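Residue numbers (our numbering): 1 to 307.
All C-beta atoms, glycine included, are put in the ideal place defined by N, C-alpha and C.
What you are looking at is a predicted structure, and each value in this text was computed from that prediction instead of being measured.
For reference, the structure is listed below as structure tokens.
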């Protein structure tokens, strides 16, 4: 069974229901011509990217190519393969290798409450303002959620505020999403999480080797995890989200791809909704006229005019 087959596709997420299931197309590249030297390395990397597109449905051509090449090299070392042509041959011959490479290519560096000023601003300003304005359940989208640390943090903020609402957490890597659904994390994942939140929303687990914690059930129930590629797919529900968080994802894309993703995120925002991005990320000039800064020390923006 392929790792994508038992996870819902975000196209089927409507008001918390998972009603459509979708698996990316699976295929194979018949051949690739490679030789020696730097140009050949680029050619093989391009062939690897195309094969990954066929195998997983994900197009890594829009990612920063230096990052992709470095992560392929890291996977080659782990697999005990010395050359790019040999690795391409391994990737062709072993369907399971695509899932292992996908895990290496996708970005999952995160922690609970990472960059505290951002979450403090969301807790003190954004969520109370939205709750007052909306008067009902809030809809939150955590795009590029990785293993779920940020999605659960957002759910904790909703719970702490006493606000009804749910978090749709999406990522293109189904293996990461399985970890997110399990909601079990090592101690290091909580280094930045305030003690009060740790005490209220985490349960210690003893796995026999090291102490881990699991997110408490009331928080887990607020979060739905599903497969979605923010770079190539339309927003799950256009114009309906009150808050979108897509942090430290855009920096891995080339500039044209960044623009496409910003437009996807903006199209998913409800009027007056908020967008939260990474500290090193900025909307382009066209979007900056409609995404108004909220908070002086955060990359949180509120949608002004409808784009």
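Task: DSSP three-state assignment for residue 204, whether helix, strand or coil - done: strand
- [ ] Taking residue 232 as the reference, give the member of 60, 49 and 211 with the closest Cα.
- [x] 60
- [ ] Could you check the C-alpha separation between residue 195 and residue 213 for me, to the nearest Å?
- [x] 13 Å
Open item on the list: Quick check for students: name the residue ranges of the alpha helix (DSSP H) that lie wholly in the stretch 82-123, counting only runs of 4 or more.
Closed with: 84-93, 95-105 and 116-121
Task: As assigned by DSSP and simplified to three states, the class of residue 163 - done: coil
Open item on the list: Check whether the stretch 89-104 and the stretch 292-306 are in contact - that is, three or more C-beta pairs closer than 8 Å.
Closed with: no
Open item on the list: Checking 8 Å against the spacing of the C-beta atoms, do residue 100 and residue 44 come in under that value?
Closed with: Not in contact: residue 100 and residue 44 (Cβ atoms no closer than 8 Å).
TODO: Return the CA-CA distance between residue 268 and residue 113, expressed in angstroms with no decimal places.
DONE: 24 Å
Task: Beta-carbon spacing of residue 264, residue 230 below 8 Å - done: yes
Task: Candidates 125, 96 and 225, of which the one nearest residue 149 by Cα - done: 225
Task: Of the listed residues 133, 56 and 130, nearest to residue 97 (C-alpha basis) - done: 56
Task: Euclidean distance between Cα positions of residue 108 and residue 167 - done: 18 Å
- [ ] Could you pull the start and end residues of the beta strand (DSSP E) that residue 261 belongs to?
- [x] Taken as a continuous stretch (DSSP letters only), residue 261 belongs to no beta strand (DSSP E), being part of the alpha helix (DSSP H) at 255-268.
TODO: With DSSP collapsed to three states, give me the class of residue 65.
DONE: helix
Task: For residue 276, the nearest candidate out of 285, 254 and 250 (CA to CA) - done: With distances taken between Cα atoms, residue 276 lies closest to 250.
- [ ] Take residue 184 and list the residues in its own chain whose beta-carbon comes closer than 7 Å to its own, dropping the five residues that flank it on each side.
- [x] 205, 212 and 214
Open item on the list: Cutting at 7 Å between CB atoms, please list the residues of its own chain near residue 163, excluding the five before and the five after it.
Closed with: 127, 131 and 138
Task: Beta-bridge partners of residue 241, as assigned by DSSP - done: 269
Task: Nearest neighbour of residue 51, chosen from 142, 95 and 189 [CA to CA] - done: Ranked by how close their Cα comes to the Cα of residue 51, the residues 142, 95 and 189 have 95 in first place.
TODO: Return the bridge partner residues of residue 276 from the DSSP annotation.
DONE: 245 and 300
Task: The beta strand (DSSP E) enclosing residue 227, as first and last residue numbers - done: Its beta strand (DSSP E) spans residues 223-227.
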